[in-house]
Structures are given as structure tokens and as C-alpha cells.
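Below is one structure, written out as C-alpha cells; the observations come after it.
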Amino acid sequence: MASELRVNTLKDASGNNSIGMSYVAEGTAKAWMSLNGTGTIALRDSFNISGVVDNGTGSYTPSYSSNFGNANYSASGAGGSSNSNANVRLNTPAAGSQDLETRASNDGSQYDEAYTRFTATGDLA
Amino acid sequence: MASILKVDTITGVTTAGSIAVTGEGNSTTTNLQQGLAKCWVNFNGGGTAAIGDSLNAASITDQGTGNYKFTFTANMGNTDFCATGTAKETDSTGAVNNNGTGAMCHSHSASTVEFISFSPDGNTRDCTIAGLDIKGDLA
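Chains as they are written, first to last, in this note's numbering: chain R, 3 to 127; chain X, 525 to 663.
Okay, here's the thing in C-alpha cells:
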């Protein structure tokens with residue numbers, strides 16, 4: 003049976019490690035993904051990602067299943083394996099999606115990255 | 525009325541590993557377990573690499589210039605986790621490089637992940653300030 007618990011604070015059974023529910027709700031990541039961005043792109047694993055659009059070489063747009071409440075969330079990304087100096091550049095975010103690019107740091111060129119990672123934390127709508 | 529729940533473990537009723545938390549907008553819910561970081565590390569990779577603080581990181585191994593391997597205490601369930609990080613590198617003389625930062629994560633397994641820090645020219649460099657964050661499924 004589904005149940006709902008309403009509390010302001012969580013503590014361990016000893017009464018230590020207190021954390022307010024606001025930290026639980028606001029502090030957990032609201033979306034993340036590990037994407038194979040080569041060939042026909044495919045999500046390896048993800049949370050709250052409804053799909054990813056391949057915009058061309060090294061350019062991707064993941065969309066959220068549940069949108070953020072605004073575009074002021076915190077996002078970060080990282081690449082790895084396809085290039086020895088992989089960078090993920092985040093473009094202007096939207097409440098429902100985030101454009102990002104995988105680029106080589108030494109010359110700025112875009113390339114398809116086999117391990118494109120992205121995570122976002124903020125307020126859901 | 526303020527309320528406090530004292531427990532050691534929280535488990536979902538319908539699905540043990542799935543607990544919904546109401547989002548900030550009060551209209552949607554988010555999955556608590558999926559949103560939690562399963563590992564994070566603050567470390568200094570200069571000189572003798574050392575972890576400053578961490579969650580679920582058993583050890584750091586310095587594998588060479590700008591190359592670090594972390595071993596998890598509790599393993600991930602697969603290799604499809606999301607690993608992100610950032611770093612501030614030193615230059616070839618060991619001084620802090622103020623020209624930019626770069627970090628990537630690769631060569632991971634369910635029990636380890638490698639972190640590479642590099643300078644804007646693409647060369648690997650030791651980092652003095654770095655953070656690693658991992659989301660995904662625990663075993």
C-alpha cells in the first residue's frame with residue numbers, strides 16, 4: 003500500500019546526522035545521464051531524461067521528463083574515453099532541456115564522445 | 525508542527541529502492557535514490573595524492589601525472605553510472621595553472637573510476653583542487 007510520510011527533519015536512530023527535508027528535496031540531483039554520443043546515440047543510464055537529440059557532431063540536447071521550475075538550476079558535465087582531453091560545454095539552459103557540446107580542450111573542436119555525462123540539480127516545477 | 529523522524533534506513537513500500545520526494549514546485553515528485561550522489565570526493569592530486577573528504581570512496585591511487593583512480597567502498601551496480609568532475613591544475617613546474625581547468629572520467633568499472641585532469645593545451649597535469657561526483661545505481 004502506498005503511504006505518505008510528512009516530516010521536517012530526518013535523523014538516524016541515535017538522533018544524529020540530522021538533515022532537514024528541504025536539503026533532501028533540494029539537494030538531490032533531479033536529472034543525470036551517461037550517454038554514448040557516438041554513431042546512433044544511446045543512453046547508457048539516466049534519471050529524469052526523456053530523450054536526447056543528436057544535433058550533429060559533439061552536440062546534444064537532453065530533455066527532462068519532469069521539467070525544472072526555471073532555468074536557474076546547477077548543471078555540470080564531463081566526458082571521457084573518446085578524447086584524451088574531453089570537455090563538456092554547457093550552453094544556455096532551459097527548464098525542459100539543456101544543450102551541451104563535447105569539445106577537445108586543446109583546440110576546441112567538437113567531437114562525438116562515447117561517455118558523455120551530465121547531471122543537474124535544482125528546483126522542479 | 526515541526527516533526528522529526530529518527531530511523532537508520534528508509535525503504536520504499538512498493539519498491540524497496542524507490543522513494544518519491546515531492547519537488548520544490550509541489551506538483552511533481554522525484555526519485556530519492558536516483559537523485560542521491562553515490563560517491564563524491566574532494567581531493568588534492570598534487571604531490572602525494574590525498575582525499576580531503578569523501579563519500580563511498582575507499583581509496584585514491586596516483587597513476588601518474590594527472591591520472592587518479594578511485595575505488596568505491598560499496599560498488600556500483602554496473603559501469604553505466606554518471607561521473608562528473610572538475611579540477612584546477614598545476615603547471616609543469618607545480619604552480620597553480622590559472623589559464624583554465626579540465627577534467628574527465630574514464631576507464632571505469634563497477635568498483636573504480638579514473639579521473640584525468642588536464643590543462644587547456646590538452647596535456648595531463650596534476651591538480652591541487654578537484655571534485656568528483658557520481659550518480660547511478662548501487663549494486
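Glycine included, each C-beta is placed from N, C-alpha and C at the ideal position.
Status (buried if at least 16 other CB within 10 Å, exposed otherwise) for residue i
| i | result |
| --- | --- |
| M732/X | What the structure shows of chain X is the stretch from 525 to 663, and residue 732/X is not part of that stretch, so it cannot be assessed. |
| S83/R | buried |
| S99/R | buried |
| S527/X | exposed |
| R8/R | exposed |
| L529/X | exposed |
| S20/R | exposed |
| A627/X | buried |
| G660/X | buried |
| M525/X | exposed |
| D47/R | buried |
| G576/X | exposed |
| A611/X | buried |
| E6/R | exposed |
| A4/R | exposed |
8 Å contact criterion, which residue i and residue j should meet: CB distance rounded
| i | j | result |
| --- | --- | --- |
| H632/X | A607/X | 6 Å |
| G570/X | C629/X | Contact doesn't hold; Cβ gap of about 19 Å is too wide. |
| T104/R | Y113/R | 6 Å |
| G588/X | R649/X | Actually they do not touch by this definition, with Cβ atoms about 11 Å apart. |
| T42/R | S78/R | That pair is no contact at about 26 Å. |
| G549/X | D125/R | 7 Å |
| G39/R | T118/R | 4 Å |
| N89/R | D645/X | Actually they do not touch by this definition, with Cβ atoms about 13 Å apart. |
| F605/X | S36/R | 6 Å |
| A15/R | V537/X | Not confirmed; about 19 Å, so no contact. |
Start and end residues, beta strand (DSSP E) containing residue i
| i | result |
| --- | --- |
| A33/R | A33 to N38 |
| P95/R | A88 to P95 |
| F49/R | A44 to F49 |
| Y66/R | S61 to Y66 |
| Y592/X | N591 to F596 |
| E103/R | Q100 to A106 |
| K13/R | T11 to K13 |
| R8/R | From DSSP, R8/R is part of no beta strand (DSSP E); its letter is neither H nor E. |
| S583/X | A581 to G588 |
| I528/X | I528 to K530 |
| V537/X | Looking at the DSSP string, V537/X is not in any beta strand (DSSP E), and its letter there is neither H nor E. |
| G609/X | C606 to E613 |
| I543/X | No beta strand (DSSP E) holds I543/X; DSSP gives it neither H nor E. |
| A634/X | First-last for A634/X: undefined, no H or E at that position. |
Residue interval of the alpha helix (DSSP H) (run including residue i)
| i | result |
| --- | --- |
| S24/R | M23 to G29 |
| G655/X | First-last for G655/X: C651 to K659, but that is the beta strand (DSSP E), not the alpha helix (DSSP H). |
| Q558/X | L556 to G559 |
Short CB-CB distance (under 8 Å) between residue i and chain A
| i | result |
| --- | --- |
| N89/R | In the structure shown, chain A does not exist; the protein chains are R and X. |
Item to check | Contact residues within the stretch 52–67 of chain R, judged by C-beta distance below 8 Å to chain X | outcome: So nothing in the stretch comes that close.
Checklist entry - What residues in the stretch 584–614 of chain X have a beta carbon less than 9 Å from any beta carbon of chain R? => result Within the stretch 584–614 of chain X, the residues whose Cβ lies closer than 9 Å to some Cβ of chain R are N602, T603, D604, F605, C606, A607, T608, G609 and T610, listed in chain order.
Next on the checklist: Counting beta carbon pairs with one atom in the stretch 57–64 of chain R and one in the stretch 100–111 of chain R, are three or more of them shorter than 8 Å?
Outcome noted: Yes: at least three Cβ pairs fall under 8 Å.
Checklist entry - So does the stretch 16–34 of chain R actually touch the stretch 556–567 of chain X, counting three or more Cβ pairs closer than 8 Å? => result With a cut-off of 8 Å, the stretch 556–567 of chain X and the stretch 16–34 of chain R count as touching, because enough Cβ pairs lie within range.
Checklist entry - Is there contact here, the stretch 646–661 of chain X with the stretch 564–584 of chain X, by at least three beta-carbon pairs under 8 Å? => result The stretch 646–661 of chain X, when compared against the stretch 564–584 of chain X, does touch it at the 8 Å Cβ threshold.
Checklist entry - On the three-pair Cβ rule with 8 Å, is the stretch 633–648 of chain X touching the stretch 68–77 of chain R? => result No: the two stretches stay apart, fewer than three of their Cβ pairs being nearer than 8 Å.
Checklist entry - What residues in the stretch 29–48 of chain R have a beta carbon less than 7 Å from any beta carbon of chain X? => result Contact annotation: in the stretch 29–48 of chain R, residues whose CB is within less than 7 Å of a CB in chain X are T30, A31, K32, W34, M35, S36, R46 and D47.
Checklist entry - At a Cβ cut of 7 Å, what residues of the stretch 72–85 of chain R count as close to chain X, listed as they run along the chain? => result Cβ contacts with chain X: S78, G79, A80, G81, G82 and S83.
Next on the checklist: Using a Cβ-Cβ cutoff of 7 Å, what residues of the stretch 531–542 of chain X are near chain R? List them in chain order.
Outcome noted: For the stretch 531–542 of chain X, the set of residues with a beta-carbon nearer than 7 Å to any beta-carbon of chain R comprises V531, D532, V537 and T538, in chain order.
Next on the checklist: Along the stretch 11–28 of chain R, where does the CB come closer than 7 Å to a CB of chain X? Name the residues.
Outcome noted: If the cut-off is 7 Å between Cβ atoms, the stretch 11–28 of chain R has T11, L12, K13, D14, A15, G17, V26, A27 and E28 near chain X.
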